[in-house]
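Structure first, commentary second.
Chains as they are written, first to last, in our numbering: chain Y, 17 to 531; chain L, 47 to 444.
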């Protein structure tokens, strides 16, 4: 076998046996460079995830963590901060000896993003560690920084040659967090820039939803079973509802959120990705490319409703009560302009123009300050064409539903009719529940753990590609254009969205499922 | 929790169903049944381990404690728990006395979760022949621990002779961290291996299996050089170093540093410390529950370690029970077999046939492996493969 990077003859590792499922998938020796290591995401998610991966023995022996931020720190200061953060957020038990080994391989490079010297130092540090730490020139750059800083950092990586696979003698990858732009045009610019600095297959866009076990389970549920696929189409499915509800408000993200709104924040990425996974055709094989191809086909087949005014509703929460406490309305939140018309709730009816889905409406909704935090996909089936029971027997019988609960209580619910015990024939809905955590609690890895590991392994299955991001913006942009200058509908904090959203479904003779 | 004294298997099944109902929809997604076979003195350790494993792979946990086989009157005591001290799932702890303990399957079979895989784990010295163990044949995965046998080396050889796909041993599980570290170190090795050596205790089955695995994968002989000392090496196995020399003169070596870490040294690279703490019994068991398919790398390592060839080619067919009365070939008298009419007797014990040695009418090739001439064939009433005789008829007591 020829090594694709080094170009030299290479024997496969004799100790790796595909049948040996006990040995973990461990990446090649490498460095993980995190820009913005002092930020919230790095402290709460990335550092604990690195510790957990290390603690589970999933990181290579030769692994280096490099932090980059504008702090006057040395390696020791950084290690203290990283230790605190990892300890606070770790999911695996804290073991000092595990950390101390990781701590020996931690470096900090101080500097701001426009400081050429700092990036030269970073490049030198990586070069030195190639031999001193055996990382073989492999490095992943995690951009845990505001999107406005992306271009500067990317250009610095390009200038110093750090992004160059050939020059580094290993692989160089980059990890980008959402938002991937704020509309089609800006996302194209960003994609062009990233794909220019790195090679496209070395760009990993993190949508942490795709790292969740249940989301990956959608593919297993659909394509590993004979039971569901035959009815997974417009012949049997009446409609699909995808809900992503959050009980929290905007917290301290006012500056970002007021510019963004619910549609750009979550509809464009998380919710449309869920739609793609539910709607896609079977991939020819379970590889990153094959899955992306199918997802992209669905995203491109999405159509917007006519007229938009009736089937694309946006809302904003006003003062109300949540879980026994009074909470402020959106416009009263700290740092939000009092006249803001940014939406905190968005719902839209989409169509998917494929043979499988023609005529089936996909109702998407996402919002903040809704009664509870829940993300689920509900496949609602058509009613039986003929019921041999009398009408009064089946009055309480609803539609069959298959609900994929993404969070919390990850699992699957199947709703079907059943006879109520007793001397009369009466059919009513019952739910059959599969709780993912119950059959398999094997501590499902945190989404970030899984995704960081995949980046280091070079497995792009769970990362959306530039084309997918652009296809999603093509759906969201017309909505944003339509909404510009209009007032959002208002709903009280703690309600399931504005009444216009209920009317939207009522117009089609349907109702929202209460999650 | 329900506690049943001097009860029957039927009552246990009913009690479990009642506990399930009153516990609400606690367990809807049952993925497997774990049967634990343990002696009274080890119950606490085994329960702790099974609880850890069950918290990661919720399962129906059936703990079988065999006591006082000589007791004249068979008797069953049981404790039924749902979401109690034994983890989030359902658990039944059964103490079996007298000759019932030789027919534990009569109580266990009706308690297995329908159509879910069964894992049987012997905590204590493993059976010589799993086919002689009524709880082994109904299991999809059979987990033994040869380290707990009096002569672990001999027990390991027994495992190889007796091996069928689905068997595995905790001595093998203990080698996983060492194997993972070695495999990871080899990711950057370009040259082929020339020689390899494992230094450790030659009576530790884990050391033998580690050497067996290296030999199977690297294609060279891997001797185990004896190093004394009682304390286990890192990761809880008695290995003090593994050294692989490469054809280009390079060396990859893992050396024990202390009880929970090793040093990885490679030619041309700085040494690095690797944390390799000893894992608890529950963690080992949880690793076994993660995958329920046959473990071919174990078969290969076991074959090399014991010099038995062709393990990986053994057919993956269900085991057939060969019933052996341990009390017969011990030469001791069979106590009060015909007094099974005691009110305490479990329903199925009325079908005892083991009291009277009958002529072995249906001798098969398996009979040749029987340890004693007095051994007697019996058929499990469970889902046995074709060719097994039907359940024994009632009233054949002498």
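Glycine included, each C-beta is placed from N, C-alpha and C at the ideal position. None of the values given here were measured: they were computed from a predicted structure.
Please tell me whether residue i has its Cβ less than 8 Å away from any Cβ of chain Y.
i                     : result
residue 231 (chain L) : yes
residue 226 (chain L) : yes
residue 316 (chain L) : yes
residue 71 (chain L)  : With a pLDDT of only 49 at residue 71 (chain L), under the threshold of 50, the placement of this residue in the model should not be trusted; the figure read from the coordinates follows. At least one chain Y Cβ lies under 8 Å of residue 71 (chain L).
residue 63 (chain L)  : no
residue 106 (chain L) : no
Would you give the residue range spanned by the beta strand (DSSP E) that residue i belongs to?
i                     : result
residue 283 (chain L) : Element bounds for residue 283 (chain L): n/a, residue is neither H nor E.
residue 124 (chain L) : 121 to 128
residue 311 (chain Y) : No beta strand (DSSP E) contains residue 311 (chain Y), which is instead part of the alpha helix (DSSP H) from 304 to 317.
residue 318 (chain L) : 315 to 321
residue 139 (chain L) : 136 to 143
residue 256 (chain Y) : 253 to 261
Counting only Cβ pairs nearer than 7 Å, list the residues of chain L close to residue i.
i                     : result
residue 73 (chain Y)  : 223 and 226
residue 36 (chain Y)  : 343
residue 377 (chain Y) : The contacting residues do not exist; residue 377 (chain Y) stays about 31 Å from chain L at best.
residue 45 (chain Y)  : 234
residue 536 (chain Y) : Residue numbering for chain Y in the displayed model covers 17 to 531; residue 536 (chain Y) lies beyond these limits and cannot be assessed.
Just checking: is the beta-carbon of residue i within a distance shorter than 8 Å of some beta-carbon in chain A?
i                     : result
residue 150 (chain Y) : Of the chains in the structure shown, none is chain A; the protein chains are Y and L.
With the cut-off set at 8 Å, would you say residue i and residue j are in Cβ contact?
i                     : j                     : result
residue 331 (chain L) : residue 99 (chain L)  : yes
residue 210 (chain Y) : residue 191 (chain Y) : no
residue 280 (chain L) : residue 77 (chain Y)  : no
residue 227 (chain L) : residue 300 (chain L) : yes
residue 66 (chain Y)  : residue 157 (chain Y) : no
residue 244 (chain L) : residue 264 (chain L) : no
residue 393 (chain Y) : residue 417 (chain Y) : no
residue 156 (chain L) : residue 36 (chain Y)  : no
residue 122 (chain L) : residue 56 (chain L)  : no
residue 475 (chain Y) : residue 304 (chain Y) : yes
residue 122 (chain Y) : residue 283 (chain Y) : no
residue 312 (chain Y) : residue 484 (chain Y) : yes
residue 96 (chain L)  : residue 110 (chain L) : no
residue 238 (chain Y) : residue 245 (chain Y) : yes
Using beta carbons (cut-off 8 Å, strictly below), is residue i in contact with chain L?
i                     : result
residue 462 (chain Y) : no
residue 155 (chain Y) : no
residue 107 (chain Y) : no
residue 256 (chain Y) : no
residue 17 (chain Y)  : The pLDDT assigned to residue 17 (chain Y) is 46, lower than 50, so where the model puts this residue is not dependable; a value taken from the coordinates is nonetheless given after this. No, residue 17 (chain Y) lies away from the interface with chain L (no Cβ there is under 8 Å from its Cβ).
residue 42 (chain Y)  : yes
residue 117 (chain Y) : yes
Identify the contact partners of residue i in chain Y, using a Cβ-Cβ distance below 9 Å as the criterion.
i                     : result
residue 333 (chain L) : 38
Using 10 angstroms around the beta-carbon of residue i, count the other beta-carbons present and answer buried if the total reaches 16, otherwise exposed.
i                     : result
residue 356 (chain L) : exposed
residue 399 (chain Y) : exposed
residue 64 (chain L)  : exposed
residue 272 (chain Y) : exposed
residue 252 (chain Y) : exposed
residue 286 (chain L) : buried
residue 511 (chain Y) : buried
residue 268 (chain Y) : exposed
residue 422 (chain Y) : buried
residue 481 (chain Y) : buried
residue 243 (chain Y) : exposed
residue 402 (chain Y) : exposed
Taking C-beta pairs closer than 8 Å, name the residues in chain L that residue i reaches, listed in chain order.
i                     : result
residue 113 (chain Y) : 306, 307, 321 and 323
Find the residues of chain Y that neighbour residue i, judging by a C-beta separation of less than 7 Å, and give them in chain order.
i                     : result
residue 238 (chain L) : 27
residue 337 (chain L) : 37
For residue i, go through chain L and note every residue whose CB falls closer than 9 Å to its CB, in chain order.
i                    : result
residue 32 (chain Y) : 229, 232, 233 and 263
What residues of chain Y sit near residue i, judged by a beta carbon separation below 8 Å?
i                     : result
residue 310 (chain L) : 77
Note the first and the last residue of the continuous alpha helix (DSSP H) segment covering residue i.
i                     : result
residue 272 (chain L) : Where residue 272 (chain L) is concerned, there is no enclosing alpha helix (DSSP H), although the beta strand (DSSP E) it sits in stretches over 270 to 272.
residue 102 (chain Y) : 91 to 105
residue 352 (chain L) : 342 to 352
residue 228 (chain L) : 222 to 232
residue 148 (chain Y) : 132 to 148
residue 175 (chain Y) : 166 to 175
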